[in-house]
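Student: Just passing along the structure, written as structure tokens.
Residue numbers (the numbering used here), protein chains in the order written: chain B, 1173 to 1455; chain X, 18 to 364.
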């Protein structure tokens, strides 16, 4: 495709393959093997531990709430960006993508400095009578954690939703209006249904990220909030660490994230197949 | 009935828009609006549809001033250039959508949608998605959808531009048939003059935001208002000439005998002759009986199938003619009654 022989292309793919193997496949094999080191008893210990179930529940809540919130905000941001010229859109996208370059720890400290008990926003709100203990305590709660996650989930939503919104034929909205639909009804009946694959894709992507996020959560709430990555952390850091159980939780966590990502991939693959079929027929 | 009263709209950058447009489209009439890109014809349509509001003047639909009335309350059927079909709905759902918005019950809207699809010869595709249809079929769905709720007027925004030539001819006939059957006032915006000439009852020529002429296709072709209209509608030879007398005009390549009684000697004019009116003379024809005979050199000869379009260079000027004759060409005659004198334009 780029004018290089097949053999050269294989060589070009080699570094990435080695990297993937050394830092993902190999550790995964070790972790999976470790989780079965006691004949699978580690899984028994994990599922009989109420802390694991509380962590799983907490992760599902965050993996659902944070993506939903990000989806709503990200949709409106994308809608706004799609209405701008390409030049302005590129500039704004640069700003919106910036949070993705920060590590989870930096984001956590940034939120503590902004929304923490002595944070900038908390102090400002305290000036108008808000209780700093309530406002400042919010980001250390599970919902606050979800709110913090949305800082780097929203750009991901925008990146998924913006292309279909930019490519959308807005004549369809005008057509619906000319037939008697209000602007709201036209969006509801015409635009939103066509964005459903994008919504599912963005939701799964951000849900997988929220499910597996670790650094931000640890920096913000330590092990005070029960979510799976922090339960896993407690298994290897606290006294009486249980490495096979930690490995078992890793495998479970990995399986959930892969399932969610696979769902997103399936949806976007189906979507691209439909689009390409449409293009062929129209051509 | 549609009426534009002194309607004006200029875009912020001062480029484009329309000025002082006065138009009238009667019930059952098909008015084609033609003009080059950026002439303002789409602006005219958007203003009528309610997607933009005029800066001055007023638009009337069925005797009601629709200034400030939202697009959804104007009750107009629109066929968009891109068809604007809803890809997530089946053909039937697309056509039934305007009825759904009007609260028509499910059974009745299915029945009416099927009937509308039948009128455009597409009832068998009711359960298909638009993406599985050809361009021509999508066009038919768009037409059925625009007419199913019996709107007050039909607006066609370059509806045939995305179709190939053979399908375009077929669709022209279909649109004309459906429009005539529905007896609906229709505005058809197009840049394709042949499309306008073949479909419209009347044609409005828009140039730089102004309507230059509104006339029947035949009048527009035979009696264009000026050189711009003549050049845009069909092919035309346009030469600058000086009126010599009430029966003669002088051009760069010689004097032409014609009716110049509406002009006075010394007037500068545009001399217009349609290519198909020019008669090529072969050796055995007697030139004494032919008017305005000129000898020249063949500089371009294009075979177009049914006709042959040629350029003859005569004393530095080029005369374009069309003929079915395939013999050699070096002499032509311009019949006096085919010559039309038009006011000279600065640009």
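Backbone N, C-alpha and C fix where the C-beta goes; we use that ideal spot for every residue, glycine too.
Leaving out five residues on either side along the sequence, give the residues of the same chain with a beta carbon under 8 Å from the beta carbon of residue 1439 of chain B.
Tutor: As a position in the first chain, residue 1439 of chain B is number 267, starting the count at 1. Around residue 1439 of chain B: 1369, 1372, 1373, 1376.
Student: Would you report the Cα separation of residue 105 of chain X and residue 1431 of chain B, rounded to the nearest angstrom?
Tutor: As a first step, residue 105 of chain X is located in the second chain; it is residue number 88 there, counting from the start. As a first step, residue 1431 of chain B is located in the first chain; it is residue number 259 there, counting from the start. Roughly 27 Å between the two C-alpha positions.
Student: Determine the burial state of residue 1187 of chain B: buried for a count of at least 16 other Cβ atoms within 10 Å of its Cβ, exposed for fewer.
Tutor: On the first chain, position 15 is the one that residue 1187 of chain B refers to. It counts as exposed.
Student: Taking C-beta pairs closer than 8 Å, name the residues in chain B that residue 88 of chain X reaches, listed in chain order.
Tutor: Taking the second chain and counting its residues from 1, one reaches residue 88 of chain X at position 71. Neighbours of residue 88 of chain X on chain B, chain order: 1346, 1349, 1350.
Student: If you drop the 5 nearest sequence neighbours on each side, which residues of the same chain put their C-beta closer than 8 Å to that of residue 46 of chain X?
Tutor: As a first step, residue 46 of chain X must be located in the second chain, where it is residue number 29. Excluding residues within five positions, the ones whose Cβ falls inside 8 Å are 202, 203, 218, 219.
Student: Just to make sure I have the definition right: I need the residues of chain B whose C-beta is within less than 8 Å of the C-beta of residue 127 of chain X. Which are they?
Tutor: Position 110 of the second chain, counted from the start, is the residue given in the question as residue 127 of chain X. Those do not exist, as residue 127 of chain X stays about 17 Å from chain B at its closest Cβ, beyond 8 Å.
Student: Could you tell me whether any Cβ in chain X is nearer than 8 Å to the Cβ of residue 1449 of chain B?
Tutor: To locate residue 1449 of chain B, count along the first chain from 1; it is residue 277. Because residue 1449 of chain B carries a pLDDT of 46, less than 50, the predicted location of this residue cannot be relied on, and no value is offered for it.
Student: Note down the Cα distance separating residue 1309 of chain B from residue 162 of chain X, rounded to an integer number of angstroms.
Tutor: Within the first chain, residue 1309 of chain B is the residue found at index 137, counting from 1. Within the second chain, residue 162 of chain X is the residue found at index 145, counting from 1. Their Cα atoms are separated by approximately 56 Å.
Student: For residue 254 of chain X, does the three-state DSSP call read helix, strand or coil?
Tutor: Within the second chain, the letter at position 237 stands for residue 254 of chain X. Three-state DSSP puts residue 254 of chain X in a strand.
Student: Rounded to the nearest angstrom, what separates residue 310 of chain X and residue 241 of chain X at their Cα positions?
Tutor: Here residue 310 of chain X is taken as the residue at index 293 of the second chain, counted from 1. Here residue 241 of chain X is taken as the residue at index 224 of the second chain, counted from 1. Each residue's alpha carbon lies about 25 Å from the other.
Student: Please return the same chain residues whose Cβ sits closer than 7 Å to the Cβ of residue 326 of chain X, not counting the five positions on each side in sequence.
Tutor: Counted from its first residue, the second chain places residue 326 of chain X at position 309. Here the set comprises 292, 319, 337, 339.
Student: At 4 residues or longer, and completely inside the region 1353–1430 of chain B: list those alpha helix (DSSP H) runs for me, N to C.
Tutor: The qualifying runs are 1355–1358, 1364–1384, 1387–1393, 1400–1409.
Student: Is it a yes or a no for the region 1220–1232 of chain B touching the region 1352–1367 of chain B, going by three-plus beta-carbon pairs under 8 Å?
Tutor: No, the region 1220–1232 of chain B does not touch the region 1352–1367 of chain B.
Student: What is the rounded straight-line gap between the Cα of residue 1441 of chain B and the Cα of residue 1244 of chain B?
Tutor: As a position in the first chain, residue 1441 of chain B is number 269, starting the count at 1. As a position in the first chain, residue 1244 of chain B is number 72, starting the count at 1. Looking at the two C-alpha atoms, the distance is approximately 23 Å.
Student: Since residue 1355 of chain B contacts residue 115 of chain X with CB under 8 Å, what's their CB separation in whole angstroms?
Tutor: One-based indexing of the first chain puts residue 1355 of chain B at position 183. One-based indexing of the second chain puts residue 115 of chain X at position 98. Their Cβ separation, rounded to whole angstroms, is 16 Å, which puts residue 1355 of chain B and residue 115 of chain X out of contact at 8 Å.
Student: Are residue 357 of chain X and residue 312 of chain X touching if we call contact CB-CB under 8 Å?
Tutor: Counting from 1 along the second chain, the entry for residue 357 of chain X is found at position 340. Counting from 1 along the second chain, the entry for residue 312 of chain X is found at position 295. No, the Cβ-Cβ distance between residue 357 of chain X and residue 312 of chain X is not below 8 Å.
Student: Using three-state DSSP, classify residue 149 of chain X as helix, strand or coil.
Tutor: Residue numbering aside, residue 149 of chain X sits at position 132 when the second chain is read from its first letter. Correct three-state label for residue 149 of chain X: helix.
Student: According to DSSP, is residue 360 of chain X helix, strand or coil?
Tutor: Position 343 of the second chain, counting from 1, holds the residue named residue 360 of chain X. The answer is strand: DSSP assigns residue 360 of chain X an E or B state.
Student: For residue 114 of chain X and chain B, any beta-carbon pair shorter than 8 Å?
Tutor: The residue you call residue 114 of chain X lines up with position 97 of the second chain. Output row for residue 114 of chain X: interface = yes.
Student: Starting from residue 118 of chain X, find everything on chain B with Cβ-Cβ shorter than 7 Å and list it in chain order.
Tutor: What you label residue 118 of chain X is simply residue 101 of the second chain in a count that begins at 1. What residue 118 of chain X touches in chain B: 1351, 1352, 1353.
Student: Note the first and the last residue of the continuous beta strand (DSSP E) segment covering residue 190 of chain X.
Tutor: As a working note, residue 190 of chain X is residue 173 in the second chain. No beta strand (DSSP E) holds residue 190 of chain X; the alpha helix (DSSP H) holding it covers 182–199.
Student: Taking residue 99 of chain X as the query, report the chain B residues whose CB atoms sit under 8 Å from its CB, ordered along the chain.
Tutor: Counting from one through the second chain, the residue named residue 99 of chain X turns up at place 82. Per Cβ cutoff of 8 Å: 1341, 1343.
Student: Expressed to the nearest angstrom, what Euclidean distance is found between the alpha-carbon atoms of residue 79 of chain X and residue 225 of chain X?
Tutor: Looking up residue 79 of chain X in the second chain gives position 62. Looking up residue 225 of chain X in the second chain gives position 208. In a straight line, the C-alpha of residue 79 of chain X is about 28 Å away from that of residue 225 of chain X.
Student: Closer than 9 Å by beta-carbon distance: list the chain B residues that pair up with residue 105 of chain X, in chain order.
Tutor: Here residue 105 of chain X refers to the residue found at position 88 of the second chain. Per Cβ cutoff of 9 Å: 1362, 1365, 1366, 1368.
Student: Contact criterion: CB-CB distance below 8 Å. Does residue 201 of chain X meet it with respect to chain B?
Tutor: Taking the first residue of the second chain as position 1, residue 201 of chain X is located at position 184. Judged by the 8 Å Cβ criterion, residue 201 of chain X is not in contact with chain B.
Student: Have a look at X:287, X:169, X:158 and flag the residue whose alpha-carbon is nearest the alpha-carbon of residue 269 of chain X.
Tutor: Here residue 269 of chain X refers to the residue found at position 252 when the second chain is read from its first residue. That would be X:287, whose Cα lies nearest to the Cα of residue 269 of chain X.
Student: When Cβ atoms are compared, which residues of the region 168–201 of chain X fall closer than 7 Å to chain B?
Tutor: Correct list: empty, as no residue qualifies.
Student: Excluding the 5 residues preceding and the 5 following residue 1233 of chain B in the sequence, name in chain order all residues of the same chain whose CB lies nearer than 7 Å to its CB.
Tutor: Looking up residue 1233 of chain B in the first chain gives position 61. Result list for residue 1233 of chain B: 1314, in chain order.
Student: Indicate whether residue 62 of chain X and residue 209 of chain X have their beta-carbon atoms separated by less than 8 Å.
Tutor: Position 45 of the second chain holds residue 62 of chain X. Position 192 of the second chain holds residue 209 of chain X. No. Outside cutoff.
Student: What does DSSP give as the partner residues of residue 77 of chain X in its beta bridges?
Tutor: Reading the second chain from its first residue, position 60 is the one you call residue 77 of chain X. In the DSSP output, where bridge partners are listed per residue, residue 77 of chain X has X:20, X:82.
Student: Which class does residue 166 of chain X belong to by DSSP, given the choice of helix, strand or coil?
Tutor: Taking the first residue of the second chain as position 1, residue 166 of chain X is located at position 149. Coil, per DSSP.
Student: Quick check on residue 287 of chain X: does DSSP put it in helix, strand or coil?
Tutor: In the second chain, residue 287 of chain X corresponds to position 270, counting from 1. Strand, per DSSP.
Student: Please decide whether residue 93 of chain X counts as near chain B, where near means a Cβ-Cβ distance under 8 Å.
Tutor: Within the second chain, residue 93 of chain X is the residue found at index 76, counting from 1. Closer than 8 Å: yes.
Student: For residue 1190 of chain B, report the span of its alpha helix (DSSP H) as first-last.
Tutor: Reading the first chain from its first residue, position 18 is the one you call residue 1190 of chain B. It spans 1178–1192 - the alpha helix (DSSP H) in which residue 1190 of chain B sits, taken as one unbroken run.
Student: Quick check on residue 1185 of chain B: buried or exposed, where buried means 16 or more other Cβ atoms within 10 Å of its Cβ?
Tutor: In the first chain, counting from the first residue as 1, residue 1185 of chain B sits at position 13. Residue 1185 of chain B should be labelled exposed.
Student: Scan the region 64–80 of chain X for residues whose Cβ lies nearer than 8 Å to a Cβ of chain B and list them as they occur along the chain.
Tutor: Taking 8 Å as the Cβ-Cβ cut-off against chain B, the residues of the region 64–80 of chain X that qualify are 66, 67, 68.
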